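Note sheet for the following structure.
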Amino acid sequence: MILLISDLHLQEERPAIARAFLDFLRGRARGAEALYILGDFFEVWLGDDAMSPFQHAMAAALKALAEQGTRIYVMHGNRDFLIGRRFCREAGCTLLPDPSIVTLGGEPVLLMHGDALCTLDVGYQRMRRLLRNPPARWLLRHLPLASRHKLAHRLRRESRQHTRMKGHDIVDVTPAEVPRMMARLGVRTLVHGHTHRPAIHKLQLGEQPARRIVLGDWERQGWVLEVDGPRWQLEPFDIAPAGALNG
Numbered sequence: 001m002i003l004l005i006s007d008l009h010l011q012e013e014r015p016a017i018a019r020a021f022l023d024f025l026r027g028r029a030r031g032a033e034a035l036y037i038l039g040d041f042f043e044v045w046l047g048d049d050a051m052s053p054f055q056h057a058m059a060a061a062l063k064a065l066a067e068q069g070t071r072i073y074v075m076h077g078n079r080d081f082l083i084g085r086r087f088c089r090e091a092g093c094t095l096l097p098d099p100s101i102v103t104l105g106g107e108p109v110l111l112m113h114g115d116a117l118c119t120l121d122v123g124y125q126r127m128r129r130l131l132r133n134p135p136a137r138w139l140l141r142h143l144p145l146a147s148r149h150k151l152a153h154r155l156r157r158e159s160r161q162h163t164r165m166k167g168h169d170i171v172d173v174t175p176a177e178v179p180r181m182m183a184r185l186g187v188r189t190l191v192h193g194h195t196h197r198p199a200i201h202k203l204q205l206g207e208q209p210a211r212r213i214v215l216g217d218w219e220r221q222g223w224v225l226e227v228d229g230p231r232w233q234l235e236p237f238d239i240a241p242a243g244a245l246n247g
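Just so you know, we're using UniProt numbering here: the sequence shown kicks off at 1 and counts up by one.
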């Protein structure tokens, strides 16, 4: 059994989501062959040198699962693209490039966070190329922590404002980009997150059937894609509200 999740946006201010994730690791993920986290695992990541006690606790929970034999892979999202090797060592996980092709259910599958597919959002793509550039990431990691906090706060504020102003077609994936990317890489299944619009979309690549599976974000519900041999199941599960955690 292989599990895929994304867009948890973990932060200390969302205790119900953190508790749901810990329960997921101790329950459904226990004994899984592999767990893939396809980006935006954390709401914000200022650098491995700036990990909070909360983030250390999440890393320790992943490490406990890894020590039971589950392989864990983490992909950068647009919120946590500064996750680096130190976190991966502490969490017992492997950093997965975006995009990556892995074998799931006996077939090659393209895994992405999903933001690179939103090509109509020209301004975002320009900023993405700038921030993901290795020299820029090096510079960001070496800024004073106070400066990183200010920058992260400004970027999150601007992102929320821009998202409200843009149409749904702008912040969703570009329809033509999906088959183009899949055909170029020779796959018939794509799994991604980012858009917070969970669904399984049937596609056609030439004469071949194909599919795009969109993972959901963890808000009022959690979402997981379970691959167990030929069986693929995308499903939600309930998350207890924060007030119910101590009940």
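By construction, the Cβ of each residue, glycine as well, lies at the ideal position given by its N, Cα and C atoms. Computed from a predicted structure; not experimentally measured.
{"Asked": "Could you tell me which whole alpha helix (DSSP H) segments of length 4 or greater appear in the segment 73 to 117?", "Found": "85 to 91"}
{"Asked": "According to the neighbour-count rule (16 or more other Cβ atoms, all chains shown, within 10 Å of its Cβ), is P134 buried or exposed?", "Found": "exposed"}
{"Asked": "According to the neighbour-count rule (16 or more other Cβ atoms, all chains shown, within 10 Å of its Cβ), is V122 buried or exposed?", "Found": "exposed"}
{"Asked": "Quick check: is the beta carbon of I2 nearer than 8 Å to any beta carbon in chain B?", "Found": "No chain B is present in this structure, which holds just one protein chain."}
{"Asked": "Less than 7 Å between C-beta atoms, sequence neighbours within five positions excluded: which residues of the same chain meet that for D115?", "Found": "N78, R128, H194"}
{"Asked": "Use the C-beta contact count for L151: other C-beta atoms within 10 angstroms, 16 or more gives buried, fewer gives exposed.", "Found": "exposed"}
{"Asked": "If you draw a straight line from the alpha carbon of W45 to that of F81, how long is it in whole angstroms?", "Found": "7 Å"}
{"Asked": "Under 8 Å, with one C-beta from each stretch per pair, do the segment 88 to 97 and the segment 141 to 148 reach the 3-pair mark?", "Found": "no"}
{"Asked": "So what does DSSP say about L215, is it helix, strand or coil?", "Found": "coil"}
{"Asked": "From M182 to H196, what does the alpha carbon distance come to, in whole angstroms?", "Found": "21 Å"}
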